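Chains as they are written, first to last, in full-length UniProt numbering: chain H, 1 to 344; chain C, 1 to 233. Just so you know, even glycine gets a beta-carbon here, dropped at the ideal spot from N, CA and C. These numbers come from a predicted model, not from an experiment.
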Amino acid sequence: MLVLGFESSCDETGVALYDTEQGLLAHALHSQIAMHAAYGGVVPELASRDHIRRALPLTQQVLTHASKTLQEIDGIAYTQGPGLAGALLVGTSIAQSLAFALQVPSVGVHHLEGHLLAPLLEENRPAFPFVALLVSGGHSQLMRVDGIGQYALLGDTLDDAAGEAFDKTAKLLGLGYPGGPTLSKLADLGQARFQLPRPMLNSPDLNFSFSGLKTAVLTLVNKQPQLDDQTVRDIAFEFQESVTEILTLKCMKALKQTKLKRLVVSGGVGANTRLRQRLNEAAAKRGAQVSYPRLEFCTDNGAMIAFAGAMRLNAMQTQTETSTQAYSFSVRPRWDLAELKAPA
Amino acid sequence: MKLLALDTSTEFLSLAVQTDHGLFTCHEATGPAASQRILPEIERLLTEAVVALKDLDGIVYGMGPGAFTGVRVSVGVAQGLAFGAGLPVVGVSSLLAVAQMAWQETQAEKIVVCLDARMGEVYHAAFIKQAAGWLEVSAPVVCKPFEVPRLEGGDWLAAGSGWAVFADVLAAQYPAQVTRIYADMMPQAAAMLTLALPQFASGQTQAAHEAAPLYVRNRVALTAAERAQGQTL
């Protein structure tokens, strides 16, 4: 089954072709990060304006790259939520209309399900069940995954997401927007010199809290007579040590609690080298395996949507014929992952 | 010529299908529910007109100006349908559509259109009907109702929702120039379809991916530098 997937929930337009027999055939992405940088954050209206310019050229690009025609497509997947309403609506309008024109079934995919399942795009795919750590600019969650659509929340952030903490701390250090990845790079050049707290490290649950850490950085920054390059690197170093220590410890706790031996990491922060190093070391000690998506699929992309959509469409194949009403569309800017069900 | 026209730039879901057998239309105040209704309604109209999407000669889309999100639903649906069915597209402005409707109803040849642009502003344009088609004598702009562009001469017919929302201010801008006001005219897909016919006949069409909104209001956010300078939108 050949599935075309669209992602347009925030500031990246992603399109991909996934085949349930042959795997990922092609994917293309346009990032708007440079466009929004001048505004100091994502401007929703500008994001939507860009998505509608990019979606079809990217679609043509993946079709050409995979040497496929539109007529060979068996189904269409698109991110229906959560995300920016206007941005979601662009991908949804195009995807649903294309499905209507081709008379193929379509499915609205939960963006986080896309991220959760992204490691399954790799050749060495982890088997269910596993523990998933989803860490991005919008989320820091630990989940037990027993199959497609079978997700049990184990822990969540009580305030900022880990990626958000990276970006906000970067802003405090004058690293611009979005500064998270820059902060990580500087951290690798820093040394152990400062001490930052490890919020909720020893709490009995699997929840996180990162906003206090950001405040501690602010206090530390204000105490410095001068914020020279080395001081910035050393603060970045300690901040990264704190976040990665907390994430690692909670992941191990989750493995222990669930008695599972597989951990899957996804989301933008999953690209962090120090986090990967710590998780690999800690997991090895427990005899557990850690899987990550390739770096480019840690952040938003069309491939994960095409994949998650393909899993759902494939399972739905035996169900009822496509009805006219199936092409009615709407977006779900707020959509709780817990509402998802396994495909019948 | 067999065409489908669609517009969701206003609170109306407006559709039209033309075949050799006639014109089939849908014009309904749906508000934001337009996205839920548009594809099922298109399917219904095509069935009624006994024509398959792929057998059409093209798709006409309302390009705006209008509600940004609504305009993008028009354009997105036009892109998806045209790309999937391999059809050419033509975009028609909501302002010109109103002029066309005013002319069809009154035969008046000089039309000044103002649509409510929210935020205390109007989308404004003026057109004169000539034998060869419409001449745009005042290009689409977004502005305060007391800053609308000047017009030459008299005997103008005013049309569009802007004339309801800002009736007095707008009338004061064109003393003695505007003779009649049709404020309840909203752009309709059927008028867009008529306006696009010459472009399809002469092959002046776009490919699906070229379908694009006409926002007119282009400054929608301030950069960090502009905010630091104390600029406002």
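Against chain H, a Cβ distance below 8 Å from residue 173 (chain C) picks out nothing, because the smallest value is about 29 Å. Excluding its 5 nearest sequence neighbours in each direction, residue 205 (chain C) has C-beta neighbours in its own chain below 7 Å: 58, 88, 89, 90 and 199, listed in chain order. Within the stretch 15 to 51 of chain H, the complete alpha helix (DSSP H) segments of 4 residues or longer fall at 33 to 37, listed in chain order.
Counted as a single uninterrupted DSSP element, the alpha helix (DSSP H) harbouring residue 229 (chain H) occupies residues 229 to 258. With a threshold of 8 Å between beta carbons, residue 327 (chain H) makes contact with chain C.
Only those residues of the stretch 8 to 24 of chain C whose C-beta falls short of 8 Å from the nearest C-beta of chain H would be listed, and there are none. In this structure, C:212 is the residue among C:222, C:212, C:220 and C:229 with its C-alpha nearest to the C-alpha of residue 71 (chain C). In the displayed model, residue 296 (chain H) falls within a helix according to three-state DSSP. The CB of residue 213 (chain C) comes closer than 9 Å to the CB of 49 and 52 in chain H, given here in chain order. Residues of the stretch 70 to 86 of chain C with a C-beta atom less than 7 Å from some C-beta of chain H are 72, 73, 75, 76, 77, 79, 80, 81, 83, 84 and 85, listed in chain order.
Nearest in C-alpha terms to residue 182 (chain C), of all of C:194, C:165 and C:81, is C:165.
When DSSP reads this structure, residue 180 (chain C) sits in a beta bridge with C:157.
Residue 68 (chain C) has a beta carbon lying within less than 8 Å of a beta carbon in chain H. Counting only unbroken stretches of 4 or more residues, the alpha helix (DSSP H) elements lying wholly within the stretch 66 to 94 of chain C are 68 to 85, in sequence order. The three-state reading of DSSP puts residue 2 (chain H) in strand, counting E and B together. The alpha-carbon separation between residue 76 (chain H) and residue 23 (chain H) amounts to approximately 15 Å. It is roughly 23 Å from the alpha-carbon of residue 121 (chain C) to the alpha-carbon of residue 176 (chain C). Per DSSP, residue 10 (chain H) has no beta-bridge partner at all. Contact with chain H is found for residue 36 (chain C), since one of that chain's Cβ atoms lies less than 8 Å from the residue's Cβ. In the assembly as shown, residue 105 (chain H) is a buried residue. Its beta-carbon has 16 or more other beta-carbons within 10 Å.
Under DSSP, residue 64 (chain C) forms a beta bridge with C:93.
Nearest in C-alpha terms to residue 294 (chain H), of all of H:273, H:312 and H:313, is H:273. Residue nearest to residue 18 (chain C) within the set C:2, C:109 and C:180 is C:2 (criterion: CA-CA distance). Only residues of its own chain outside the window of five on either side were considered, and among them 157 have a CB closer than 6 Å to the CB of residue 108 (chain C), listed in chain order. Contact of residue 107 (chain H) with chain C by beta-carbon distance below 8 Å is absent, the smallest such distance being about 15 Å.
Distance between residue 62 (chain C) and residue 93 (chain C), taken at the CA atoms: about 6 Å. Here residue 104 (chain C) is not near residue 330 (chain H), since their CB atoms are 8 Å or more apart. Taking 8 Å as the cut-off, the beta carbon of residue 76 (chain C) is found no closer than this to the beta carbon of residue 235 (chain H). Of all alpha-carbon atoms in H:7, H:91, H:283 and H:143, the one lying nearest the alpha-carbon of residue 206 (chain H) is that of H:143. Membership of residue 130 (chain H) in the beta strand (DSSP E) is indicated by the continuous run 130 to 135. Separation of the CB atoms of residue 97 (chain C) and residue 195 (chain C) is rounded to 7 Å, and the pair is thereby assigned contact status at 8 Å.
Within the stretch 9 to 25 of chain H, no residue places its CB atom closer than 8 Å to a CB of chain C. Excluding the 5 residues flanking it on each side, residue 146 (chain C) has same chain C-beta neighbours closer than 7 Å at 169 and 173, in chain order.
Counting along the chain, the unbroken alpha helix (DSSP H) around residue 277 (chain H) starts and ends at 273 to 286. If you check the CB distance, residue 242 (chain H) and residue 196 (chain H) come in under 8 Å.
By the CB criterion at 8 Å, residue 168 (chain H) and residue 160 (chain H) fall inside the cutoff.
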